[in-house]
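In our numbering, the protein residues as written are 530 to 1097.
Think of the CB as a built atom: it goes at the ideal place given N, C-alpha and C, for glycine as much as any other residue.
Keep in mind that this is a model prediction, so the values were computed, not measured.
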RNA sequence: CGGAGUGUAGCGCAGUCUGGUAGCGCACCUGGUUUGGGACCAGGGGGUCGAAGGUUCGAGUCCUUUCACUCCGACCA
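This is the structure in structure tokens:
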């Protein structure tokens, strides 16, 4: 392609709302264009090209793994969502609207319902299973706060795949195959990534894994072990059970006057004991369907922090909200002195697993200025769950080494769904005995447009993008320094023609601009390699440039074709 | 939704306090010079100042209402 004919509106200035490198360079390089803000973007020729290349890597690997591509209707009848029960549950991110006949529709934010519908209409027998269908299509989520360019748009390109099986064993086999396939995809795209244990969120199901592209600008905190492969989203991370080297406080059981000790620190100082032996009680309002809600107490060791997503899952709530002082009073709870053992009637209590069989604990008396010592949870019946937010320095559940935090961009997520969609939606097959069984499902997503942002987050310098081999808009860029120099032009054109004929995708910068402007654009666009044909051509030399590190090498003009073929 | 802020040319901004001809830089168009690090000279085009209402002889500027967007928190590929 000739630069002079391509629509590549590069700019020197940074749009005022862009803070992330990927956002800045994708806009400045003329890859994408904002549609009046609000998380919507147009893909310009260069951006579309990169998107297609990334998409083709995804497609190629999926097809190799035996998946079949389909394309589902973007506009989805609301009735399907009502069937699955998600019409209400999904919340405001689901864009709903009516057609001229007043029928309700949604713009698909994910397509479990549609795909199950497709399959239940066409699959009858176990002989037709397993099946793995996917599409790479637009999704729309009416995000509360879209930001960071392609990283979190409202409209985005997603690959969503769904598999259907006769048994959960077979589904797990496919789940593992998808994990391997995803690893191949991210590796081919040149990304440094980590597969981590994850929370399943609104999609549901169990045993989900996320593919995190490692980048400081990532929005997710992930917990990783450097000694082994263990990695998990902070929302799902677990640790080896903690022990405390400090001895437990004397087990005198009783009510102690503890004025103004409403925090763990104060309490720890008052009793001269480790927070490990204190009980932290956190009150939250759990929100459910149809506007229902209730106050819940979450209790854990004073040395631990509550992980809200885990807490939310423990009570099967849609969300947890902070609680106001009035609400506390109304519920009969005393701030700073709450306790899982002295609870007003009708308040739900959830206990952290670490409290199971704990003894010699100090907890609130649910009475102002009083705490109870010598509390024991031994034999105490209760609703025990993992509620703990794993901290840096906690020990790896697999190998016992120290864990640390890092940041990641969630680029893929795979779920073992089971039958939670096939049952309500009636997606059944007839087994060998002629009995109807619900299909066992898995679901697998990749944020394709987000991958563009992730690639740049991981591969850029202060000057611009550095595309990886399989994501680059072109294999090579030829820069003719002075378009008025007949010799430079002749060599540029000749090289361009020969390389194109050899199957290479080449961008020829044949613009009238000065050298500096072309070089700046090259650096901004981030094509992996360039050939600069300039002044040194008088001495029979041209330059071969590697974008990464901007390494330059002089090559005799007559050898440049072979050099390019060999290096690129 | 809670908190903060911004809406003026395609982009980035000044002008608003103190009402009086709509400005600057980049980009764009024409001509010329220039061609190894975002050139220069000359000329030119482009705006219902987010929207509606009000005050005034006169509103980008003051008042009221409203909308949109951005940034910080809870959701997600």
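Contact belief for residue i with residue j at Cβ below 8 Å, rounded distance in angstroms
{"i": "residue 867", "j": "residue 812", "result": "6 Å"}
{"i": "residue 680", "j": "residue 551", "result": "7 Å"}
{"i": "residue 919", "j": "residue 766", "result": "4 Å"}
{"i": "residue 825", "j": "residue 879", "result": "6 Å"}
{"i": "residue 956", "j": "residue 645", "result": "5 Å"}
{"i": "residue 883", "j": "residue 769", "result": "No, residue 883 and residue 769 are not in contact; Cβ-Cβ is about 11 Å, not under 8 Å."}
{"i": "residue 784", "j": "residue 901", "result": "6 Å"}
{"i": "residue 677", "j": "residue 549", "result": "5 Å"}
{"i": "residue 1033", "j": "residue 1004", "result": "5 Å"}
{"i": "residue 847", "j": "residue 728", "result": "About 14 Å separates the two Cβ atoms, so there is no contact after all."}
{"i": "residue 895", "j": "residue 946", "result": "About 41 Å; that fails the 8 Å criterion."}
Three-way DSSP call (helix, strand, coil) for residue i in this model
{"i": "residue 552", "result": "helix"}
{"i": "residue 676", "result": "strand"}
{"i": "residue 784", "result": "strand"}
{"i": "residue 877", "result": "strand"}
{"i": "residue 1060", "result": "strand"}
{"i": "residue 710", "result": "helix"}
{"i": "residue 654", "result": "strand"}
{"i": "residue 893", "result": "strand"}
{"i": "residue 574", "result": "helix"}
{"i": "residue 1067", "result": "helix"}
{"i": "residue 590", "result": "helix"}
{"i": "residue 966", "result": "strand"}
{"i": "residue 886", "result": "coil"}
{"i": "residue 1085", "result": "strand"}
{"i": "residue 579", "result": "helix"}
{"i": "residue 762", "result": "strand"}
{"i": "residue 684", "result": "strand"}
{"i": "residue 975", "result": "strand"}
{"i": "residue 987", "result": "helix"}
{"i": "residue 836", "result": "coil"}
{"i": "residue 1034", "result": "coil"}
{"i": "residue 872", "result": "coil"}
{"i": "residue 949", "result": "coil"}
{"i": "residue 956", "result": "coil"}
{"i": "residue 937", "result": "strand"}
{"i": "residue 750", "result": "strand"}
{"i": "residue 531", "result": "strand"}
{"i": "residue 649", "result": "helix"}
Residue j beta carbon less than 8 Å from that of residue i
{"i": "residue 1096", "j": "residue 1058", "result": "yes"}
{"i": "residue 1017", "j": "residue 1062", "result": "yes"}
{"i": "residue 1037", "j": "residue 1021", "result": "yes"}
{"i": "residue 556", "j": "residue 572", "result": "no"}
{"i": "residue 927", "j": "residue 754", "result": "yes"}
{"i": "residue 974", "j": "residue 688", "result": "yes"}
{"i": "residue 993", "j": "residue 1053", "result": "yes"}
{"i": "residue 860", "j": "residue 873", "result": "yes"}
{"i": "residue 636", "j": "residue 603", "result": "yes"}
{"i": "residue 931", "j": "residue 941", "result": "no"}
{"i": "residue 711", "j": "residue 958", "result": "no"}
{"i": "residue 752", "j": "residue 619", "result": "no"}
{"i": "residue 736", "j": "residue 1000", "result": "no"}
{"i": "residue 1002", "j": "residue 668", "result": "no"}
{"i": "residue 671", "j": "residue 622", "result": "yes"}
{"i": "residue 944", "j": "residue 976", "result": "no"}
Beta-ladder partner(s) of residue i, from DSSP
{"i": "residue 739", "result": "725, 942"}
{"i": "residue 597", "result": "662"}
{"i": "residue 606", "result": "634"}
{"i": "residue 827", "result": "811, 879"}
{"i": "residue 1074", "result": "1059, 1081"}
{"i": "residue 850", "result": "814"}
{"i": "residue 900", "result": "785, 893"}
Quiz item: Between the segment 693-711 and the segment 966-975, do three or more beta carbon pairs fall short of 8 Å?
Solution: yes
Quiz item: Is the segment 578-594 touching the segment 972-986, taking contact as three or more C-beta pairs under 8 Å?
Solution: yes
Practice problem: Kindly confirm or deny that the segment 791-810 and the segment 828-837 touch, where touching means at least three C-beta pairs closer than 8 Å. | Solution: yes
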